[in-house]
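In this text, residue positions in the sequence shown follow full-length UniProt numbering: the first is 1, and each later residue adds one.
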Amino acid sequence: MQIAFAASECTPFAKTGGLADVVGALPRELVKLGHELSVYLPFYARIRKQFEDEPKVLIRSLTIPFQSYSRFVGVLDGGLLDGVQYYFIDCPELFDRKELYGPSGGEYADNAERFGLFCRAVIEASKQIGVPQIFHVHDWQAALIPVYLRNTYAADPALSGAATVLTIHNAAYQGTFPPRTTEDLLFPWEIFTMEKVEQYDRFNFLKGGVVFSDLLTTVSRKYAEEIQTADFGEHLEGILHKRAKDLRGILNGVDYTQWNPATDGNLAAHYSPENLDGKAACRADLLHAFGLENVAETTPVIGIVSRFATQKGFDIVAQITEQIATRDVVVVALGTHDPYYENLFREWAFRYPDKVAVQIRYDEVLAHKIEAGADMFLMPSRYEPSGLNQMYSLKYGTVPIVRATGGLDDTIEEWDEKKGTGTGFKFAGYGAKDLLAEIDRALEAFNDKTGWRRLMLNCMAQDYSWAEPAKEYVRLYEEAAQRRA
């Protein structure tokens, strides 16, 4: 099949979160299954800097009309990487900026225009490069592609056979804009209704994609159930429940070519289930990187790599920082985002410099060092559509402590010390006492070195590669194509 991905980020070109990892890894796995894959991305400033010479121009000028003006965009050849063809939508006045979505903690005021243009440019480019059988669009930034196809381009015979699949990576991010966005993007006002793109008198990109896509996916079985409820649906639970028969939960996979302690080039030493010796060297290297000295081998290290936000559970962490500091444990944290939580970690580290260390930034190398060097990995998320870090942690023998939600619940099995089964520690209630109790369980288990080694090996035996999810997506594409036919 010919499949075109459209997304706002993708490794190795541009990344702010897990979306980039998925869009970077899944197409490569689909190529292995014999399919023809292309990926469309905006040509951001950070992508431009990666090329010594400007990428080859495939299409010099596409006209993208707006209400009172037009913009003219180019399509660049991003090259063939692991069998996947990349294309960049080049519109410097909209995409040649420092950040992908907006300044720290905010959004660009013209994001509706930026990603509306991106969606329409992908469609126009495909008409010249080749219309795929499937447009697989990701999150709100690409969600207008099915809206355009079933409205603006509904009568275009070149596009009538193209099916659409929308993946919701996080329902909390929807792309909502003023009503005038309808006419700014040249849609008929007939679609600005609560049955289509309108939500609380706002033009909602993600809702439009949900309504007009042939099939929908999200990134874990549990999250597919959760977003049909008021607690997790972010006010889209009604339309998602209405389309329940078209909504599938397919768990994200892990790119083990990048995340494997036996081959990871970011580590001080390699290790594997057959020989765990290197993990001690990784732990020492991690503690050195965070400036923590004289930490006893019997003191466990809890690692955190995260966006510092309430969604990630740091509101309940904030309630128990003092209690955690009284335990025989060291915490290392890497992340950035919400200034409140950034300051929380800074103050925590200031009060307990021998027990807590934080770096307020994102660093890919350091993230790998934490996964390898920590003994435990903390993810107390209020909700977590899929989660990747807990799956990375499993591979590295770094035992996850998680809340039982979304992909965390799907991937982590509670440790049973009597049976020697399970892969981590998880709690159901969303409360500070629940979290502290689970941390205490993990610390107690750490003292049993024989049991802990068994737990580590259980973790490392798990396989969350992309091989099986890719096959599920192929079956989904075939179903979408049959429906469109």
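All C-beta atoms, glycine included, are put in the ideal place defined by N, C-alpha and C.
Two segments are said to touch when three or more pairs of C-beta atoms, one from each, lie closer than 8 Å; by this definition the segment 448-465 does not touch the segment 236-247. Under DSSP, no beta-bridge partner is assigned to glycine 278. Each of Ser272, Leu267 and Pro300 was checked against the Cα of alanine 289, and the nearest Cα belongs to Leu267. When only Cα atoms are considered, valine 402 and threonine 336 end up about 20 Å apart.
Between the alpha carbons of serine 104 and threonine 421 lies a gap of roughly 43 Å. Rounded to whole angstroms, the gap between the alpha carbons of glutamine 228 and aspartate 416 is 32 Å.
For tyrosine 200, the number of other beta carbons within 10 angstroms of its own is below 16, and it is reported as exposed. A buried status is given to methionine 376, since no fewer than 16 other beta-carbon atoms sit within 10 Å of its beta-carbon.
Burial of proline 55 is indicated by the presence of at least 16 other C-beta atoms within 10 angstroms of its C-beta. CA-CA distance, aspartate 156 to arginine 46, rounds to 35 Å.
According to the DSSP assignment, leucine 26 belongs to the alpha helix (DSSP H) that extends over 18-32. Counting along the chain, the unbroken beta strand (DSSP E) around glycine 335 starts and ends at 330-337. In this structure, valine 39 lies away from tyrosine 101, with their beta-carbon atoms at least 8 Å apart. Collapsing the DSSP output to three states places alanine 357 in a strand. Nearest Cα to valine 22 within the set Ser386, Pro353, Lys196 and Asp214: Ser386. For arginine 150, the uninterrupted alpha helix (DSSP H) run begins and ends at 144-150, by DSSP. The beta-carbon distance between leucine 443 and arginine 327, rounded to whole angstroms, is 6 Å. This is short enough to meet the 8 Å contact definition. Between leucine 435 and phenylalanine 425 the beta-carbon gap is near 10 Å, outside 8 Å, which marks them as no contact.
Comparing alpha carbon positions, the residue from Leu286, Ala224 and Leu215 closest to glutamine 482 is Leu215.
Judged by their CB atoms, valine 331 and valine 356 are nearer to each other than the 8 Å cut-off.
With respect to the C-alpha of threonine 321, the residue from Leu287, Leu247, Ala432 and Ala262 having the closest C-alpha is Ala432. Taking one beta carbon from each stretch, the segment 124-142 and the segment 470-482 have 3 or more pairs nearer than 8 Å; the two touch. One thing to note: glutamate 113 has its Cβ no nearer than 8 Å to the Cβ of leucine 144. Closest in alpha carbon position to valine 57, among Ala125, Phe66 and Leu26, is Ala125. DSSP places arginine 484 in the uninterrupted alpha helix (DSSP H) bounded by 467-484. Methionine 194 sits exposed, since fewer than 16 C-beta atoms from the chains shown fall within 10 Å of its C-beta. Residue pairing for glycine 303: DSSP places it in a beta bridge opposite Val332 and Phe377. Under a 10 Å Cβ-count criterion, proline 42 is classified as buried, with 16 or more other Cβ atoms of the shown protein chains found around its own Cβ.
Runs of beta strand (DSSP E) with 3 or more residues, each lying fully within the segment 62-86, are found at 70-81, listed in chain order. For valine 131, the secondary structure class from DSSP, reduced to helix, strand or coil, is coil.
Valine 317: member of the alpha helix (DSSP H) spanning 314-318, first to last residue. As the crow flies, the alpha-carbon of alanine 109 is around 14 Å from that of glutamine 141. In the three-state DSSP reduction, threonine 298 falls in the coil class, being neither helix nor strand. For threonine 11, same chain residues with a beta-carbon under 7 Å away, outside a window of 5 residues either side, are Ala20, Asp21 and Gly24 in chain order. For isoleucine 239, there is no enclosing beta strand (DSSP E); the residue is found in the alpha helix (DSSP H) stretching over 237-242. Bridge partners of serine 8 according to DSSP: none are assigned.
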